[in-house]
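In the numbering used here, the protein residues as written are 475 to 667.
No residue lacks a Cβ here, since even glycine has one placed at the ideal position from N, Cα and C.
All of these numbers come straight from a predicted model, not from anything done at the bench.
What follows is a set of notes on a single structure, which appears directly below.
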Amino acid sequence: MPSVILQRLPFIVIRHGETDANRDGWIAGRIEAQLTQAGYAAAQDLARWQWPAEIALFVSPQQRARQTAQLAFPNRQFVTLDGLCERDWGVFEGRPLAQAPPRETTPEAGEAWADMIARVAAAITQAQEMAAGAHPVLVAHSGVIRAARHLTCGSAHGPSPVNTTPYLFAPHADSWRETLLRGTEARPPDDLS
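Encoded structure:
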């Protein structure tokens, strides 16, 4: 059970487009990994989705997330939130994914998992408050989605979140539900209307 409690308001998190780090299997963290051609194309595909008119867009300050937001939402303004940055993996950045330490440990010269959870919780809460009734959509990173899973009582472990795929986190009864949105409809009626 997470020690930080989110507001019980739905939000969407989209992982940035595929990068050279994703394609080549290395840990990017705070390194400014570059979008691949596939990453650019997939981000542009998101622009064709039927997004609700009333969304508020929040983006990690890292280049790969900002570029994804600009391609996916070309006619929308966004707010940059530092709390949506990817985890700082310290000395492990630039190394193969197979060398990543367990998530719950603090990487040398990196960010503790508990610190990341608190940072992401604060950023999600800030986005929910700033959205002022609009639907918060966050363009961020795998680690941010894993933190959101942890915060909504899911598991941070398992396969890496899919690039350029929206994940809806919505309160459901006394828990939360995570829904991977596919196709071109980003407004499930039960969760975002």
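Residue pairing of Leu654 in beta bridges, as defined by DSSP: Tyr641. Looking at Arg482, Glu506, Ala516, Val478, the one whose alpha-carbon comes closest to that of Glu492 is Ala516. Within the segment 539-565, complete alpha helix (DSSP H) segments of at least 4 residues are not found at all.
The residue from Ser629, Ala622, Pro581 with its alpha-carbon nearest to that of Trp563 is Pro581. Membership of His609 in the beta strand (DSSP E) is indicated by the continuous run 609-614. Judged by pairs of C-beta atoms under 8 angstroms, the segment 558-575 does not touch the segment 520-531, as fewer than three such pairs exist. Counting along the chain, Arg489 sits inside the beta strand (DSSP E) bounded by residues 485-489. Using a Cβ distance threshold of 8 angstroms, His615 and Ser534 count as a contacting pair. Beta-bridge pairing by DSSP links His646 to Ser649.
In its chain, beyond the 5 residues on either side, Pro535 have a beta carbon closer than 7 angstroms to the beta carbon of Asp556. Taking one beta carbon from each stretch, the segment 590-599 and the segment 477-485 have 3 or more pairs nearer than 8 angstroms; the two touch. For Ala530, there is no enclosing alpha helix (DSSP H); the residue is part of the beta strand (DSSP E) that begins and ends at 529-533.
Cβ-Cβ distances below 7 angstroms link Pro575 to Phe566, Pro581 in the same chain, with the five nearest sequence neighbours on each side left out; the list follows chain order. Val553 and Phe547 have their C-alpha atoms spaced approximately 12 angstroms apart. When secondary structure is reduced to three states using DSSP, Leu509 falls in the strand class.
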